[in-house]
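In our numbering, the protein residues as written are 113 to 495.
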């Protein structure tokens, strides 16, 4: 309520200031304008001075609290120190937890949490689909090699067939030449070629039989190779359909759960379970911290300190005297600076007021409103 009344006074000063500004003629009334400027500056300075004094009181209250704590006996500080030790320890643990790098991002955690009951079965299905996909891939590679083998085998046999045809032509040409030579020897030179004819006919028959037999075998093997190749192609086409189905199943699962494979899926699942355990530990940690914070507040409130909640963030000072000394030293320095600022601001405000008083003596117009503003500034600044 006190601060509210001070704000109200400042508003009254501003209203009076506006009234004076309206009553004063524009232009040549320079003393009136200067007084108005001085009043505006003093109002702002008085507000700032009041804020500084309020801060000074707060700092003094904190120092009084520290002095009260330092004057307590060991028995009185035992409960406070015990609660503060737990607050410090739990706070340090909580800070370390907050610094720990997350293995699983929030989006993955939410998805795992949303479908937690289905994830183990989804992992097994993805592993099964990947295993089936790998088996189909192996079968496809085998069938592809079989198809290639039978293609090469048929081509080799056809090349051999061409060679045998050429060999047959050559041997037939040689046989014709030999046949003609034997006829000439027998007819013209009356050479007995009976045994030669027998050997010739035997050799020609054997060669013809071997070539014919080989050609027939090659033809049958070519037909068999073509059949095997066609069978391999048929099985390969079936395997390709199975591969497409298996790949679609794997891709769907990977896209749904935003993973590359079942290994990553399982790894994220394990990280999720660890994260759940960590969050449960963190929640328990927060509950324990809240418990000891409340216990510390109850212990401090029994001594009617100015501000008990501030010690939740400064619990280490209740445990370590060196920390308390450092805080006290900082507050003392801060209060000294505030005191110096208050003295300087008060001196400056008084100088401005004296200057305005001097101008009022020489001001020929109505000064009642100006003096009312000065009185309000005196109350606001505590002059």
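Cβ atoms here follow ideal geometry from the backbone N, Cα and C, with glycine treated the same way.
Query                                                                                                                                                                               : Result
Measure the beta-carbon distance from residue 362 to residue 272 and round it to whole angstroms, keeping in mind my assumption that it falls under 8 Å.                            : Wrong, their Cβ atoms sit about 46 Å apart, outside the cutoff.
Which residues in the same chain as residue 436 place their Cβ atom closer than 8 Å to its Cβ, once the five residues preceding and following it in sequence are excluded?          : 178, 181, 182, 429, 430
Any idea if residue 307 is buried or exposed, counting beta-carbon neighbours within 10 angstroms, 16 or more meaning buried?                                                       : exposed
Here's a check: name, in chain order, each residue in its chain whose Cβ is nearer than 7 Å to the Cβ of residue 327, leaving out the five neighbours to either side.               : 273, 276
Could you say which of 423, 390, 394, 391 lies nearest to residue 406 if we only look at CA atoms?                                                                                  : 423
Please report the Cβ distance between residue 280 and residue 323, rounded to the nearest whole angstrom; I am assuming they are in contact, meaning their Cβ atoms lie under 8 Å.  : 5 Å
Spatial neighbours of residue 305 within its chain, please: C-beta separation below 7 Å, excluding the five flanking residues on both sides.                                        : 294, 297, 298
Residue 283 by DSSP, collapsed to three states: which one?                                                                                                                          : helix
Would you please state the rounded distance, in angstroms, between the beta carbons of residue 351 and residue 283? I believe it to be under 8 Å.                                   : Not confirmed; about 47 Å, so no contact.
Among the candidates 192, 221, 147, whose CA atom is the shortest distance from the CA of residue 387?                                                                              : 221
Is residue 256 helix, strand or coil when you go by DSSP?                                                                                                                           : helix
Take residue 316 and list the residues in its own chain whose beta-carbon comes closer than 7 Å to its own, dropping the five residues that flank it on each side.                  : 287
Classify residue 468: buried if its beta carbon has 16 or more other beta carbons within 10 angstroms, exposed otherwise.                                                           : buried
Would you report the Cα separation of residue 233 and residue 389, rounded to the nearest angstrom?                                                                                 : 21 Å
In whole angstroms, give me the CA-to-CA distance for residue 165 and residue 470.                                                                                                  : 28 Å
Leaving aside the five residues before and after residue 252 along the sequence, list all residues of the same chain whose C-beta is less than 8 Å from its C-beta, in chain order. : 348, 351, 352, 355
Counting only the same chain and skipping the five closest in sequence on each side, list residues whose C-beta sits under 7 Å from that of residue 411.                            : 191, 192, 195
Output the distance between the C-alpha atoms of residue 488 and residue 413, rounded to the nearest integer angstrom.                                                              : 39 Å
Keeping to the same chain, check which residues put their C-beta closer than 7 Å to that of residue 359; ignore five residues upstream and five downstream.                         : 245
Taking buried to mean at least 16 other C-beta atoms within 10 Å of its own C-beta, is residue 318 buried or exposed?                                                               : exposed
Am I right that residue 384 and residue 224 are in contact with their C-beta atoms under 8 Å? What's the rounded C-beta distance?                                                   : 4 Å
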